[in-house]
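Chemist: Mind having a look at this structure? Questions to follow.
Numbering (the UniProt record's numbering), first residue to last: 1 to 332.
Here's what the structure looks like:
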C-alpha cells in the first residue's frame, strides 16, 4: 500500500483546499496530461443540510445521492467551497460502479451536473483521498495507522463500488495493523476490539468484513491462556462491551465461546492465564472499570478448576506438562 509523503498531503488537502475551485487545481497538479485536455464536467458535493426555505427544498429534493439538473446560475445550491470538487465524469465512471451507473443513465446533452453525496458517509478528507485514488491509482493518507480514517474510507469506497480500494484498505488493516489477527502485541490489543465493532456492524452482504469479524472472534476466544491476560484485560474490550446496550449480547457471546475453549487439554494453561490476567487487572483497576472483565476471568477460573478437579488422576499421571514439573520437583 503506497502513501504519498506527509508534506504533499498537507499542501493538497489543507492549503489548496481553502482556495476557489480546490480540487480542480489539485487535479491539474497531479493529472496534468489528462486535465489539460479535458475540462471538468461534473461537480461532486457533500449534501448540505436542509434549509427552511422551500425553494431550497425544491432545488435539492430529499438529498439522496442523485444527479441534479444541468449546472446554471439558478440551479446550483449554495454549498461551501470546502464541500465541492470539480471532476471528470470519465475518471469517476471508469473507477466507480456507482458513478458508472449514474452517468450511463444520463442524457448525453447534459454537459455539466452536480452529484450530491451523503454527509453521513462522506467527509471532505475522505473524499479527497478517494478522488486522488481515482485519478492517480495510488493512496495518500497523512497517518496510515489512523483506524477511524481507514474505516471511514472503506465504507465510503464500498458505497461507491471502488472494489480495488476496499481490497487495499482491508489488506492494509489486516496485515500491517492487525498482524493478520494472530498477534497479542500492545497495538493489536488496542485496535482489534474496535475493528470487531466496525466489521461486525457492517458485515451484512460484505464477505470481506464478515471474514474479518470471524478472524477477530477466533483471536479473542481460541487460546484462553494468551487472550485472557491481553485482550480480556484491556480498556478497549471494556469500551467495546459498554458502547451501547446491544454490545451486552456480544460480551455474552464471546464469553460463552471462550468458556467452550477451556477443556481438558488446556485447563491448567487457562488457569495460568487467569492468574496473569488478575495480576494485570490489579494494576489497571485505577485506570478504568474492570468489573466486567473480572467476571469473565472468574468464570474461566471456575471452569478450569472444575475440569482439573474432575480429571485429577489424568493430570497426575498422563498430562505431560504437569508431569515434567512433578519430576523436576522430585529430582530437586
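Ideal placement from N, C-alpha and C gives every residue a C-beta, glycine not left out.
Being a predicted model, the structure only gives us computed values, none of them experimental.
Out of 134, 235, 192, point me to the one whose CA is closest to residue 219's CA.
Modeler: 192
Chemist: With the cut-off set at 7 Å, would you say residue 296 and residue 255 are in Cβ contact?
Modeler: Yes, the Cβ-Cβ distance between residue 296 and residue 255 is below 7 Å.
Chemist: Can a CB atom of chain C be found closer than 7 Å to the CB of residue 232?
Modeler: Among the protein chains of the structure shown there is no chain C, as only one such chain exists.
Chemist: Are the CB atoms of residue 290 and residue 281 within a distance shorter than 7 Å?
Modeler: yes
Chemist: Check residue 22 in the structure and name its three-state DSSP category.
Modeler: Low confidence applies to residue 22: its pLDDT is 46, below 50, so where it sits in the model is not reliable, and the reading given next is rough at best. It is helical.
Chemist: For residue 120, count neighbouring C-beta atoms within 10 Å of its own C-beta (all shown protein chains included) and say buried if the count is 16 or more, exposed if not.
Modeler: Around the beta-carbon of residue 120, fewer than 16 other beta-carbon atoms lie within 10 Å, marking it exposed.
Chemist: Candidates 199, 265, 310, 161: which alpha carbon is nearest residue 134's?
Modeler: 161
Chemist: Of the choices 294, 155, 244, 168, whose alpha-carbon is the least far from that of residue 140?
Modeler: 168
Chemist: Give the DSSP-derived three-state secondary structure of residue 47 in the structure shown.
Modeler: coil
Chemist: Helix, strand or coil, according to DSSP, for residue 117 in the structure here?
Modeler: strand
Chemist: When the Cα atoms are used, what is the spatial distance from residue 265 to residue 303?
Modeler: 13 Å
Chemist: Flag this pair as yes or no: are the beta carbons of residue 230 and residue 184 separated by less than 7 Å?
Modeler: In this structure, residue 184 lies closer than 7 Å to residue 230 by Cβ.
Chemist: Answer yes or no: do residue 122 and residue 156 have a C-beta to C-beta separation smaller than 7 Å?
Modeler: Result yes, Cβ atoms of residue 122 and residue 156 sit closer than 7 Å.
Chemist: Specify, as a first and last residue, the run of the beta strand (DSSP E) that residue 188 falls within.
Modeler: Premise fails: residue 188 lies in the alpha helix (DSSP H), 186-201, not in any beta strand (DSSP E).
Chemist: Do residue 114 and residue 43 have their beta-carbon atoms positioned less than 7 Å apart in this structure?
Modeler: yes
Chemist: Give the C-beta separation of residue 300 and residue 259 to the nearest angstrom, bearing in mind that I take them to be a contact with Cβ-Cβ under 8 Å.
Modeler: 6 Å
Chemist: How is residue 262 classed by DSSP in three states: helix, strand or coil?
Modeler: coil
Chemist: DSSP on residue 84, reduced to helix/strand/coil?
Modeler: Residue state, collapsed to three classes: strand.
Chemist: Considering only the beta carbon of each residue, do residue 261 and residue 222 sit closer than 7 Å?
Modeler: Yes, they are a contact pair.
Chemist: Please report the straight-line C-alpha distance between residue 189 and residue 176, rounded to a whole angstrom.
Modeler: 14 Å
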